[in-house]
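Taken in order, these protein sequences are the chains called A and B.
First residue of the first sequence? That's 1 in my numbering, and the numbers climb one at a time after it.
First residue of the second sequence? That's 1001 in my numbering, and the numbers climb one at a time after it.
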Amino acid sequence: MNDLKNNGFDKSDLQNFKEDYKAVNNLITPKKEVVSKIKSMATISAKPKFKYAWVGGVASALVCAIFLITIAINFNSGDKIQNVDKLKHAENYKEIYRLIDNTIYKENTLDNFIDNLFGGAKKSDMNMTDGAMPESGAITEDMSEDTGAANNDFSDTNVQVKGVQESDIIKTDGEYIYTISKSKISIIKDDKVLSQITHRNKGEQAFEMYIYNDRLVVFYRVGDEPDIPITVHTDISADDIKIVTYDVSDKSAIKEIGAISQSGYYISSRMIDNYVYTVTEFYISWDFKKSNPITYIPKICGEVMDFSLIDLLPNIQSPKFTVVTAFDVNSPDEYSSKRAFLGGADQIYSSTTNMYLAKSKYVDDDYSYNATEVVKLSLTNGIINVEKNATIFGDIINQFAMDENNGYFRVVTNGYFHPNYKKTNDGVSKYNLNNLYILDEN
Amino acid sequence: MISIDEAINKYTDMVYRLALSRTKKVCDAEDILQDVFYSLIKNFNKINDEEHLKAWLIKVTINKTISFFNSSNKKKNIALSEDLAYLPKEKSDVYYAVMNLKKDYRTVIHLFYYEDLSVLEISAILKQKESTIRSKLHRARNLLKEKLEGSSL
């Protein structure tokens, strides 16, 4: 240990050591997945921390909803309703890019990301037919299917609105039962499996379906995680969904008659008569580039959507698109209509003629509070038109908090004022209000 | 000031290498890496300039590894992760020699020779006296020499 007196290495050795050590270190890089995970953390949108508050507040809100005085405010005169910012059309891709760019790093709260990772709580109330019971208690779902003797009398998937079908993992047409289990579709009659459709391609997973006469419409999730069993809906980051239509008139030989796809992961869908309306949510990935719309515009059947089909919500807080499409089960190779909204949507409600997209947001001016942007779309024979939009105070608990009656859209919201929110940052609601809004045609 | 995306592109390698030199395990280093960038994303607006950013990242990485060592029974001297077997043999001797040092020595060696920080900068980041850093460096060098003498050096 005489070396202690000198400097360890002599100079040239030290230089060698330094170079070698650097060279080895330069070979060490983190795994790509880890880096992209970090990048997605940074990209995941700027949803307010607030989101937590309503999850916790749902229960109390329900109790309150019974007792509290509901305030009915006409849409035109309501003082808490902001009716200023109208929905507008995108004029070009550049405008869309600018908006995304502005939004994307505005707030970097990760709570939402973590929310998505661990709970997916946000979406859980959207897919009621999966057995996830709504907390509202107002509507009870019954999963049991009955193939009773009477052919024209059978219980279908329970739906919110008569005439508006909701997709499910089990369907019946009175005689046959159609099920999706582990991505395998089976047609069953009297304990016998008549035929099965197994995996189409690797990475494609069936998760919900519709049956319309002898057309079977199946939603496939196309992602890079093919082996996750589908028990509940989670926010599995599938990039796309694929909608495949089968002809099941011959139960022993099912034919595929059409397939279409759209970007984003599945939020919900409805079937009205022979038209299927599908809502997906498309997150913009972190590496979007201005010069290349392909990197930030959702795709329909592999083609980038035209900007004229994209509407911009006022006050965008999340860098994501909501893609709404329609197609006719009798021509399952093409969409009859498609739209996209920059800004996203959390909940959908659909009547036989209109669909409402609701997007909760966070308003941060003198008072911090949460509000919901509602967009009304008209659905007529597979053509989607954007009608109106409005902002209401509070969050919508789930799809059953919305209803349409005689042209009036009725919605119950639950909102908080947080005068001290910024200071305390504790997410505890200071003022809890429940509201009933009735929105008229305007 | 650079954007968060650029920061991620630029500094993940740095943070990861430092974390690995502290933890010696790929999976732990990855955890630390994510933790560090999670903090960065949360605190990004508080960071003023790029110099500050780099120092901040190093500091946070070291703090995260400290709490990592405290929170688990991983204080024992573990062997370098097998996942690094892909490193070329002739050069990795040096790396393995460094990894066989004590944690404190590894860190100063890494910061001094890999990140090219001065003794002053290291002492600011680690909140230790300059003389402490200097003597740690010195001792680490001696130990390294001892270890590497048998080989090419």
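For each residue, glycine too, the CB sits at the ideal point set by N, CA and C.
From B/C1027 to B/Q1034, what distance separates their C-alpha atoms? Near 11 Å, if we compare the C-alpha coordinates of B/Q1034 and B/C1027.
Taking beta-carbon pairs under 7 Å, can you tell me which members of the region 1017-1030 of chain B lie near chain A? Shown in chain order are the members of the region 1017-1030 of chain B whose Cβ falls below 7 Å from a Cβ of chain A: R1017, L1020 and E1030.
Note down, in chain order, all residues in the region 1092-1120 of chain B with a beta-carbon under 7 Å from any beta-carbon belonging to chain A. Of all residues in the region 1092-1120 of chain B, the ones placed with a Cβ closer than 7 Å to any Cβ belonging to chain A are S1092, V1094, Y1095, V1098, Y1113 and Y1114, in chain order.
Starting from B/Y1105, follow the alpha helix (DSSP H) in both directions and report where the run begins and ends. For B/Y1105, the enclosing alpha helix (DSSP H) has its first and last residue at K1103 to I1109.
Would B/K1064 pass as an interface residue toward chain A - the criterion being a Cβ-Cβ separation below 9 Å? With respect to chain A, the C-beta atom of B/K1064 has no partner C-beta closer than 9 Å.
So which residues on chain A does B/Q1034 lean against when the C-beta distance must stay under 9 Å? Going along chain A in sequence order, the residues near B/Q1034 (Cβ under 9 Å) are V34, K37, I38 and M41.
DSSP state of A/T353, grouped into three classes? In this structure, A/T353 counts as coil in the three-state DSSP scheme.
So is A/D214 buried or exposed if we call it buried at 16+ other beta carbons inside 10 Å? So A/D214 ends up on the exposed side.
Determine the burial state of B/E1030: buried for a count of at least 16 other Cβ atoms within 10 Å of its Cβ, exposed for fewer. When all chains shown are included, B/E1030 counts as buried.
Starting from A/K189 and walking both ways along the alpha helix (DSSP H), at which residues does that stretch end? Residue range K184 to K189 is occupied by the beta strand (DSSP E) that includes A/K189, with no alpha helix (DSSP H) assigned at that position.
Any chain B beta carbon closer than 9 Å to A/L27: Contact of A/L27 with chain B is assigned, a C-beta pair being separated by under 9 Å.
Let me know if A/Y277 comes out buried or exposed under the rule of 16 or more other beta-carbons within 10 Å of its beta-carbon. By the neighbour-count criterion, in which 16 or more other beta carbons inside 10 Å mark a residue as buried, A/Y277 falls on the buried side.
A/S77 (DSSP reduced to helix, strand or coil): Residue placement at A/S77 cannot be trusted, given a pLDDT of 31 that sits under 50; what the coordinates show is reported in the next sentence. Three-state DSSP puts A/S77 in coil, outside helix and strand.
Under the three-state reduction of DSSP, which class applies to A/T198: helix, strand or coil? The answer is coil: DSSP assigns A/T198 none of H, G, I, E or B.
Please confirm whether A/N92 and A/F307 have their CB atoms less than 9 Å apart. Between A/N92 and A/F307, the C-beta spacing is below 9 Å.
Take the Cβ of A/A206 as the centre, count every other Cβ of all protein chains shown within 10 Å, and call the residue buried at 16 or more, exposed below. A/A206 comes out buried.
Report the three-state DSSP secondary structure of B/I1002 (helix, strand or coil). Coil at B/I1002, not helix or strand.
If the cut-off is 9 Å on Cβ atoms, which residues from the region 1038-1054 of chain B count as contacting chain A, listed in chain order? Along the region 1038-1054 of chain B, the positions whose C-beta sits under 9 Å from a C-beta of chain A are Y1038, L1040, I1041, K1042, N1043, F1044 and N1045, read in chain order.
Smallest Cα separation from B/I1109: which of A/N25, A/Y246 and A/T280? Out of A/N25, A/Y246 and A/T280, the CA that lies nearest to the CA of B/I1109 is found in A/N25.
For A/M209, name the three-state secondary structure that DSSP assigns. Under the three-state reduction of DSSP output, A/M209 falls in the strand class.
Using 9 Å as the limit for Cβ to Cβ distance, is B/L1153 near chain A? Interpretation of B/L1153 is limited by its pLDDT of 45, a score under 50 that renders its predicted location unreliable; the figure taken from the coordinates is listed afterwards. Among the CB atoms of chain A, one or more fall inside 9 Å of the CB of B/L1153.
6 Å Cβ shell around B/L1057 - same chain, five flanking residues per side excluded: Y1011 and V1015.
Counted within 10 angstroms of its Cβ, other Cβ atoms place A/Y335 as buried (16 or more) or exposed: Taking all protein chains shown into account, A/Y335 has 16 or more neighbouring C-beta atoms within 10 Å of its C-beta and is therefore buried.
Does the region 1120-1139 of chain B come close enough to the region 1041-1048 of chain B that 3 or more CB-CB pairs lie under 8 Å? Contact fails between the region 1041-1048 of chain B and the region 1120-1139 of chain B, because fewer than three Cβ pairs, one in each stretch, are under 8 Å apart.
Flag A/D13 as yes if its beta-carbon sits less than 9 Å from any beta-carbon of chain B, otherwise no. For A/D13, the answer is yes, since a Cβ of chain B falls inside 9 Å of its Cβ.
Provide the residue span of the beta strand (DSSP E) that contains A/F219, from first to last. First-last of the beta strand (DSSP E) with A/F219: R215 to V222.
From the DSSP output, in three-state form, read off A/N399 for me. Asn is not the amino acid found at residue 399 of chain A; the sequence shown has Gln there. The DSSP-derived three-state label of A/Q399 is helix.
To the nearest angstrom, report how far apart A/K376 and B/I1122 are at their CA atoms. Spanning the two alpha carbons is a distance of roughly 59 Å.
So with Cβ pairs under 9 Å, would you call A/D346 a contact of chain E? Here the protein chains are A and B, and chain E is not one of them.
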